[in-house]
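Heads up: take any position in the first sequence, counting from 1, add 11, and you land on the numbering used here.
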Amino acid sequence: MINSVRGTKDILPEELPIWYFVESTLRKVSQLYGFREIRLPIFEKTEVFQRSIGEATDIVNKEMYTFLDRGGESITLRPELTASVVRSVIMNNLLAESPLLRLWYYGPLFRYERPQKGRLRQFHQYGAELIGSNNPEADVETISLAIEIIKRLGINEFSLLLNSLGNQKSRQRYKQILVDYLKGQAQNLSKESQERLNRNPLRILDSKDPQDIEIIKNSPLIHDYLDEESREHYVKTKELLDSCNIKYIETPNLVRGLDYYSHTVFEFQSPYLGAQDSFGGGGRYNELFSQFGYKNDVPAIGFALGIERIILILQSQGFKPQRENPKVYIAYNKPEYLTKVFEVSRILRQNEIPTIFDLQKRSLKAQLKEANKSGVIFAIIIGDDEVANETLSIKNMIDGTQVSHPFSIAIDYIINSLK
RNA sequence: GCGAGCUUAGCUCAGCUGGUUAGAGCACCAGAUUGUGGCUCUGGGGGUCACGGGUUCGAAUCCCGUAGCUCGCCCCA
Numbered sequence: 012m013i014n015s016v017r018g019t020k021d022i023l024p025e026e027l028p029i030w031y032f033v034e035s036t037l038r039k040v041s042q043l044y045g046f047r048e049i050r051l052p053i054f055e056k057t058e059v060f061q062r063s064i065g066e067a068t069d070i071v072n073k074e075m076y077t078f079l080d081r082g083g084e085s086i087t088l089r090p091e092l093t094a095s096v097v098r099s100v101i102m103n104n105l106l107a108e109s110p111l112l113r114l115w116y117y118g119p120l121f122r123y124e125r126p127q128k129g130r131l132r133q134f135h136q137y138g139a140e141l142i143g144s145n146n147p148e149a150d151v152e153t154i155s156l157a158i159e160i161i162k163r164l165g166i167n168e169f170s171l172l173l174n175s176l177g178n179q180k181s182r183q184r185y186k187q188i189l190v191d192y193l194k195g196q197a198q199n200l201s202k203e204s205q206e207r208l209n210r211n212p213l214r215i216l217d218s219k220d221p222q223d224i225e226i227i228k229n230s231p232l233i234h235d236y237l238d239e240e241s242r243e244h245y246v247k248t249k250e251l252l253d254s255c256n257i258k259y260i261e262t263p264n265l266v267r268g269l270d271y272y273s274h275t276v277f278e279f280q281s282p283y284l285g286a287q288d289s290f291g292g293g294g295r296y297n298e299l300f301s302q303f304g305y306k307n308d309v310p311a312i313g314f315a316l317g318i319e320r321i322i323l324i325l326q327s328q329g330f331k332p333q334r335e336n337p338k339v340y341i342a343y344n345k346p347e348y349l350t351k352v353f354e355v356s357r358i359l360r361q362n363e364i365p366t367i368f369d370l371q372k373r374s375l376k377a378q379l380k381e382a383n384k385s386g387v388i389f390a391i392i393i394g395d396d397e398v399a400n401e402t403l404s405i406k407n408m409i410d411g412t413q414v415s416h417p418f419s420i421a422i423d424y425i426i427n428s429l430k
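So this is what it looks like as structure tokens:
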């Protein structure tokens with residue numbers, strides 16, 4: 012037996028109804044907010060991600076599926092989608108047509124990590140990007156799109172964590188102050204955090220190590236080091252969230268793992284998920300366009316939701332979408348009658364009625380059994396009597412009653428009953 | 001990359017401190033029911049006990065190794 016690659020999962024017919032539900036909700040709410048879908052390649056030149064996500068991040072360091080193609084070019088399976096969106100917006104010059112873009116995407120991503128609950132090597136994200144506005148209103152519009160989706164999915168228990176990382180200048184200044192503070196007690200930090208001191212000090216704020224947490228408790232807060240512009244943006248964003256009745260938890264040590272964020276960052280957490288409790292997150296990335304070499308800065312904000320994690324939440328809430336069953340099963344007792352079976356099925360399908368029948372030449376009893384199991388509403392029986400009299404017998408599989416009608420009347424009866 | 005746990009029928013699992021033909025429920029197939037599902041009853045098929053080695057008179061059971069899965073750490077959706 013060949014099994015699937017570690018960290019990949021087959022989505023079987025049984026589970027697909029919940030996926031359909033999630034996908035249609037995403038599409039519907041995106042439309043309500045005026046966002047348009049964009050579909051991008053599964054792989055990009057490696058530099059797309061190196062340049063944006065940040066050389067110091069784990070994603071770039073150890074989690075990317077990177078390979079050389081036959082032309083010797085370094086290619087990477089996308090580990091996230093914001094970078095691809097920005098690349099595409101620049102390449103296709105989308106900002107020339109409209110200075111404000113509302114875009115959403117959906118699809119598989121790839122990260123080479125050890126799988127655990129809610130974490131796979133191939134997984135799916137929905138994301139939305141609002142490109143071209145630096146106003147706090149844009150932040151709130153984006154967050155409110157996320158919340159509308161979450162609510163319509165039926166997720167009622169979740170927290171929205173909120174923080175501001177400030178603009179580049181503030182962040183740089185704060186980073187220095189934080190490093191100075193932490194260096195004083197570096198020997199008490201966990202091994203990982205000691206390494207992060209040079210590499211990515213802000214991440215220490217996120218540490219789960221109890222000793223680190225103790226030290227972080229008294230560390231300087233970024234809020235106290237935001238410059239005028241950054242503070243104003245953050246305060247205004249919070250005011251707007253309040254006025255929209257969006258509840259959030261201010262979390263000064265919320266950092267997020269991608270280097271391109273600035274100002275507003277946020278994250279959605281669920282109590283249903285175990286260790287990987289975040290099912291969505293995002294933030295503002297005002298400096299990313301210029302990092303890509305675009306002619307000017309373009310302010311933008313976006314977020315992504317983890318589809319597998321959302322499905323875990325819905326399943327642990329007991330959400331069971333209805334399976335889509337065929338409506339009619341045609342049973343017959345002689346192979347010669349198959350031409351008739353094909354004719355009936357063709358007529359029903361032309362009338363939008365999902366129809367199946369036996370393809371294993373099994374007994375009538377076995378066929379009715381299969382009909383029952385497949386959840387149809389009607390079984391049509393084509394036996395010797397029916398063929399002789401040019402009739403069809405129709406068995407109602409819900410109440411067990413059965414009637415016989417001349418062929419075309421029987422067909423009409425089924426079509427009308429299933430309308 | 002690091003740590004812990006698990007692996008017995010298609011699925012969920014039982015199998016006591018090693019003891020003879022390895023079990024149950026569900027699922028599947030057939031019959032009771034001469035063209036007719038669900039409920040009930042009866043019967044049936046299906047297992048290299050993850051793989052490899054070791055200890056022993058004897059291993060699903062104990063020991064070692066390998067693989068896979070799961071859950072954590074790291075990180076993130």
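Glycine included, every Cβ here is placed at the ideal spot set by N, Cα and C.
These numbers were taken from a predicted model, which means no experiment stands behind them.
Checklist entry - Quick one: what's Gly82 bridged to in DSSP? => result Residue numbering aside, residue 82 sits at position 71 when the first sequence is read from its first letter. Gly82 is not bridged to any residue.
Checklist entry - Short check: CB of Leu112 to CB of Leu105, under 7 Å? => result On the first sequence, position 101 is the one that residue 112 refers to. On the first sequence, position 94 is the one that residue 105 refers to. Contact flag set, yes.
Checklist entry - How about Pro310 and Asn297: are their beta carbons less than 7 Å apart? => result In the first sequence, the residue the question calls residue 310 occupies position 299. In the first sequence, the residue the question calls residue 297 occupies position 286. Contact: yes.
Checklist entry - Beta carbon of Arg320, beta carbon of Leu284: below 7 Å? => result As a working note, residue 320 is residue 309 in the first sequence. As a working note, residue 284 is residue 273 in the first sequence. Yes, they are a contact pair.
Checklist entry - Does the distance from the CB of Ala139 to the CB of Phe46 come in under 7 Å? => result Reading the first sequence from its first residue, position 128 is the one you call residue 139. Reading the first sequence from its first residue, position 35 is the one you call residue 46. Yes, Cβ-Cβ distance for Ala139 and Phe46 is below 7 Å.
Checklist entry - What's the call for Gly292, buried or exposed, on a 16-neighbour Cβ count within 10 Å? => result Here residue 292 refers to the residue found at position 281 when the first sequence is read from its first residue. Gly292 comes out buried.
Checklist entry - Are Ile324 and Asp150 close, meaning C-beta to C-beta below 7 Å? => result If you number the first sequence from 1, residue 324 lands on position 313. If you number the first sequence from 1, residue 150 lands on position 139. Cβ distance not < 7 Å, so Ile324 and Asp150 don't count as in contact.
Next on the checklist: Quick check on the burial criterion: 16 or more other C-beta atoms within 10 angstroms. Buried or exposed for Gly129?
Outcome noted: On the first sequence, position 118 is the one that residue 129 refers to. Classification of Gly129: buried, given that the 10 Å Cβ count is 16 or more.
Item to check | Secondary structure of Pro346, DSSP reduced to three states | outcome: Within the first sequence, numbered from 1, the residue matching residue 346 stands at position 335. Residue state, collapsed to three classes: helix.
Checklist entry - From Leu189 to Asn336, what does the alpha carbon distance come to, in whole angstroms? => result Reading the first sequence from its first residue, position 178 is the one you call residue 189. Reading the first sequence from its first residue, position 325 is the one you call residue 336. Between Leu189 and Asn336, the C-alpha separation is close to 59 Å.
Next on the checklist: Measuring alpha carbon to alpha carbon, tell me which residue in Ser144, Gln127, Asn72, Tyr271 is nearest Leu176.
Outcome noted: Counted from its first residue, the first sequence places residue 176 at position 165. Of Ser144, Gln127, Asn72, Tyr271, the residue nearest in Cα terms is Tyr271.
Next on the checklist: Within a Cβ cutoff of 8 Å, which residues of the same chain sit near Ser85, ignoring the five residues on either side of it in sequence?
Outcome noted: Within the first sequence, residue 85 is the residue found at index 74, counting from 1. So the qualifying residues of the chain are Lys56, Thr57, Glu58, Thr77, Phe78, Leu79.
Checklist entry - Pick from Asp69, Gln333, Glu148: whose alpha carbon is nearest that of Arg122? => result For this step, residue 122 is matched to residue 111 along the first sequence. Considering only alpha carbons, the answer is Asp69.
Item to check | Val414: first and last residue of the uninterrupted beta strand (DSSP E) it sits in | outcome: For the purposes of this step, residue 414 is taken as the residue at position 403 of the first sequence. Where Val414 is concerned, the enclosing beta strand (DSSP E) stretches over 413–417.
Next on the checklist: Going by C-alpha to C-alpha distance, which of Ser374, Gln183, Lys430 sits closest to Lys345?
Outcome noted: As a first step, residue 345 must be located in the first sequence, where it is residue number 334. When each option's Cα is compared against that of Lys345, the closest is Ser374.
Checklist entry - In terms of residue numbering, what span does the beta strand (DSSP E) encompassing Phe169 cover? => result Locating residue 169 in the first sequence gives position 158, counting from the first residue. Element bounds for Phe169: n/a, residue is neither H nor E.
Item to check | Pairwise C-alpha distance: Arg81 and Ser144 | outcome: Taking the first sequence and counting its residues from 1, one reaches residue 144 at position 133. Taking the first sequence and counting its residues from 1, one reaches residue 81 at position 70. Whole-angstrom Cα-Cα distance: 41 Å.
Item to check | Cβ distance (whole Å) where Leu171 is taken to contact Tyr44 below 8 Å | outcome: In the first sequence, the residue the question calls residue 171 occupies position 160. In the first sequence, the residue the question calls residue 44 occupies position 33. No, Leu171 and Tyr44 are not in contact; Cβ-Cβ is about 17 Å, not under 8 Å.
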